[in-house]
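Everything below concerns the one structure shown next.
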Amino acid sequence: MNFDLSNLRQKFKDRDYKLTPQRQIILQVFIDNRDKHLSAEDVHNIVRQQANDIGLATVYRTLELLSELEILQKIDFGDGRSRYEINETSSPHHHHHLICLTCGRVIEFADDLMEDLENIIAENSNFSIVDHQVKFYGYCQECQMKRDE
657 MNFDLSNLRQ
667 KFKDRDYKLT
677 PQRQIILQVF
687 IDNRDKHLSA
697 EDVHNIVRQQ
707 ANDIGLATVY
717 RTLELLSELE
727 ILQKIDFGDG
737 RSRYEINETS
747 SPHHHHHLIC
757 LTCGRVIEFA
767 DDLMEDLENI
777 IAENSNFSIV
787 DHQVKFYGYC
797 QECQMKRDE
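Just add 656 to wherever you are in the sequence shown, counting from 1, and you've got the numbering used here.
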């Protein structure tokens with residue numbers, strides 16, 4: 657996705673929203689942290705350093721809006737906190753995640769080996785699949801080493 661400011665303003669305007677200064681600050685957090693999967697609390701802690709007047713409720717509302725506008729992708733890693741990342745592609749197929757059960761680290765991988773399986777499932781079930789998410793839960797290399805000690 658192209659994060660040109662005029663592009664984003666148009667995306668907001670098309671849906672009768674404004675790209676307010678608070679929304680720009682929150683969006684900038686994701687641009688500056690492209691490799692991270694941030695929760696509302698993570699974002700709030702970052703924006704508080706720049707703009708003390710942005711409350712947690714504003715962050716939550718903005719993240720939901722950015723997700724609704726498909727600027728951010730909302731992800732559930734099963735720990736009770738939604739995480740968000742920039743929706744980098746207009747393709748319905750996204751990268752997938754490895755989630756460490758000990759430290760909570762999230763590692764992305766882009767191998768889309770699911771395409772063949774998805775086609776078989778779609779054909780066998782006469783179902784039009786538009787998206788999928790794959791999450792593997794286990795232990796990262798560092799946590800494996802600590803467990804073996």
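Virtual Cβ for every residue (Gly too), placed ideally from N, Cα, C.
Here's the rule I'm using: 16 or more other beta-carbon atoms within 10 Å means buried, otherwise exposed. How should residue i be labelled?
i: Glu-741; result: buried
i: Ile-776; result: exposed
i: Thr-676; result: exposed
i: Arg-690; result: exposed
Give me the DSSP bridge partner(s) of residue i.
i: Ile-776; result: In the DSSP output, where bridge partners are listed per residue, Ile-776 has none listed.
i: Leu-671; result: It is worth fixing the name first, because residue 671 is Arg in this sequence and not Leu. Answer is none; Arg-671 lacks a bridge partner.
i: Val-762; result: Ile-755
Let me know the secondary structure DSSP gives residue i once reduced to three states.
i: Phe-733; result: coil
i: Arg-739; result: strand
i: Val-790; result: coil
i: Leu-694; result: strand
i: Leu-769; result: coil
i: Leu-728; result: strand
i: Cys-799; result: helix
i: Asn-701; result: helix
i: Ile-785; result: coil
i: Ala-713; result: helix
Note down, in chain order, each residue of its chain lying with its Cβ closer than 7 Å to the Cβ of residue i, except the 5 sequence neighbours on either side.
i: Arg-737; result: Ser-695
i: Thr-714; result: Gln-678
i: Cys-799; result: Cys-756, Thr-758 and Cys-759
i: Val-790; result: His-752 and Met-770
Using a Cβ-Cβ cut-off of 8 Å (strictly less than) and excluding sequence neighbours within five positions of residue i, which residues of its own chain qualify?
i: Val-685; result: Leu-694, Val-699, Ile-702 and Val-703
i: Ile-785; result: Glu-774, Ile-777 and Ala-778
i: Phe-783; result: Ile-777
Item to check | Validate contact between the segment 660-669 and the segment 725-739 using beta carbons, cut 8 Å, 3 pairs | outcome: yes
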